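Heads up, the thing below is written out as structure tokens.
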Amino acid sequence: MIVAANFKTNLTRIETGEYLGELESLVGKIEENVQVRIFPATSSLIAHRGEAVVGTQNAYPAQSGAFTGEIGVVHLEEFGIKSILVGHSERRHIMHESQVDIAKKFDFFKERGFEIIYCIGEPLRTKEQGLEATLEYLDAQFEGIDLEYGRLIVAYEPVWAIGSGLTPTLEEIESVHKALKTRFSAPLLYGGSVKVSNAREIMELPSVDGVLVGSGALRVEDFFTMIQTAREIENQN
Ligand code: PEP
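Heads up, the sequence shown is in our numbering, so the first residue is 145 and it goes up one at a time.
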């Protein structure tokens with residue numbers, strides 16, 4: 145099970161350091177079957193050794209160069225970061241990253257051996273058209289993406305569920321995940337308004353290999369509770 149936290153544009157460097165310190169002391173040693181990832185804001189990236197692996201929410205697909213406002217691989221290397229989110233809906237819809245940009249970024253970080261959490265998700269108008277339309281939309285987000293990549297993790301995050309407090313029904317998650325799992329063998333996370341109160345039922349779904357949590361992870365106690373839940377589920381299996 146993979147339990148990942150996306151801090152988005154929250155938590156300063158100092159707060160991130162405190163969070164990680166507290167999280168490590170709460171979790172102790174993590175069994176191999178639960179993996180923890182933390183994605184802080186860019187200016188809060190930290191060289192961290194521990195059970196939680198720190199990754200980046202974004203980076204420009206370049207070693208370094210004339211890309212004002214961006215960071216490149218050299219900046220990630222400084223902190224030993226080898227994990228990245230690609231295709232997050234906020235980057236697709238707010239920063240207007242196109243599928244072509246996203247595929248280029250994916251390839252660039254794949255060639256450098258990064259773990260890639262590749263995010264996909266449909267808007268509400270597509271969800272309302274049913275499963276077939278949803279899958280067609282999601283398939284278009286796989287254009288140019290190597291689904292065979294060994295360090296790939298996919299996160300299904302319906303756009304309308306992100307930060308809204310709304311989640312699909314468990315049946316809806318299960319049917320989308322089941323269909324997606326016929327397309328690749330990479331672990332498949334669910335993301336979108338996961339919180340302590342719904343994390344267990346979501347993680348217990350057979351087709352869910354973990355969760356990507358945004359605002360629900362900002363309190364370290366809550367994120368720790370979700371890690372504990374993942375451990376319990378793994379121990380039952
Ligand atoms: C996310 O940003 O990846 C996310 C799932 O956000 P939230 O949990 O806040 O909906």
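Even glycine gets a Cβ: it sits at the ideal position worked out from N, Cα and C.
Computed from a prediction, not measured in an experiment: that's the story for all the values here.
Discussion item. Checking 8 Å against the spacing of the C-beta atoms, do L332 and V357 come in under that value?
Written reply: On the sequence shown, position 188 is the one that residue 332 refers to. On the sequence shown, position 213 is the one that residue 357 refers to. No.
Discussion item. My assumption, with CB atoms under 8 Å, is that S227 sits in contact with V180. Please give the rounded CB distance.
Written reply: Counted from its first residue, the sequence shown places residue 227 at position 83. Counted from its first residue, the sequence shown places residue 180 at position 36. Incorrect: roughly 11 Å between the Cβ atoms, too far for contact.
Worksheet item: Applying the criterion that 16 or more other CB atoms from any shown protein chain within 10 Å of the CB defines a buried residue, is D283 buried or exposed?
Response: Here residue 283 corresponds to residue number 139 of the sequence shown, with the count starting at 1. Exposed, since its Cβ has fewer than 16 Cβ neighbours within 10 Å.
Worksheet item: Are the stretch 211-227 and the stretch 276-294 touching by the rule of at least three beta carbon pairs closer than 8 Å?
Response: Not touching, per the Cβ criterion.
Fill in: Of the listed residues I289, L324, A305, nearest to Q360 (C-alpha basis)
The count along the sequence shown starts at 1 and reaches residue 360 at position 216. Looking at the sequence shown, residue 360 is not Gln but Gly. Ranking the options by Cα distance to G360, first place goes to A305.
Discussion item. Do R235 and E259 have their beta-carbon atoms positioned less than 8 Å apart in this structure?
Written reply: Start at 1 with the first residue of the sequence shown, and residue 259 comes out as number 115. Start at 1 with the first residue of the sequence shown, and residue 235 comes out as number 91. Cβ atoms of E259 and R235: not closer than 8 Å.
Fill in: Ordered list of beta strand (DSSP E) runs contained in the stretch 279-347, each at least 3 residues
Counting whole runs of 3 or more residues, the stretch 279-347 contains the beta strand (DSSP E) stretches 296-300, 332-335.
Worksheet item: Name the DSSP beta bridge partners of F183, please?
Response: Position 39 of the sequence shown, counted from the first residue, corresponds to residue 183. The partner list for F183 (beta bridge, DSSP) reads N150.
Discussion item. Within 10 Å of its beta-carbon, does N177 have 16 or more other beta-carbons around it, so buried, or fewer, so exposed?
Written reply: Numbered from its first residue, the sequence shown carries residue 177 at position 33. Under this definition N177 is an exposed residue.
Worksheet item: Would you say G354 and A148 are within 8 Å of each other, going by their C-beta atoms?
Response: By 1-based counting over the sequence shown, the position of residue 354 is 210. By 1-based counting over the sequence shown, the position of residue 148 is 4. If you check the CB distance, G354 and A148 come in under 8 Å.
Discussion item. Could you tell me the alpha carbon to alpha carbon distance between E287 and D245, rounded to whole angstroms?
Written reply: On the sequence shown, position 143 is the one that residue 287 refers to. On the sequence shown, position 101 is the one that residue 245 refers to. D245 has its alpha-carbon roughly 11 Å from the corresponding atom of E287.
Practice prompt. Assign T200 to one of three DSSP states: helix, strand, or coil.
Written response: Here residue 200 refers to the residue found at position 56 when the sequence shown is read from its first residue. When secondary structure is reduced to three states using DSSP, T200 falls in the strand class.
Item to complete: Using alpha carbons as the reference points, say which of E316, V171, K254 lies closest to E345.
Response: What you label residue 345 is simply residue 201 of the sequence shown in a count that begins at 1. Answer by Cα proximity: E316.
Worksheet item: Can I182 and E195 be called in contact, C-beta distance under 8 Å?
Response: Start at 1 with the first residue of the sequence shown, and residue 182 comes out as number 38. Start at 1 with the first residue of the sequence shown, and residue 195 comes out as number 51. Not closer than 8 Å, so no.
Practice prompt. Going by CA-CA distance only, name the one from F368, I261, R327, Y281 that's closest to G335.
Written response: Locating residue 335 in the sequence shown gives position 191, where the first residue counts as 1. Checking every option, the nearest Cα to that of G335 belongs to I261.
Item to complete: Return the residue from the list E318, L189, L291, A343 that minimises the CA-CA distance to E162.
Response: Here residue 162 corresponds to residue number 18 of the sequence shown, with the count starting at 1. When C-alpha distances from E162 are compared across E318, L189, L291, A343, the shortest belongs to L189.
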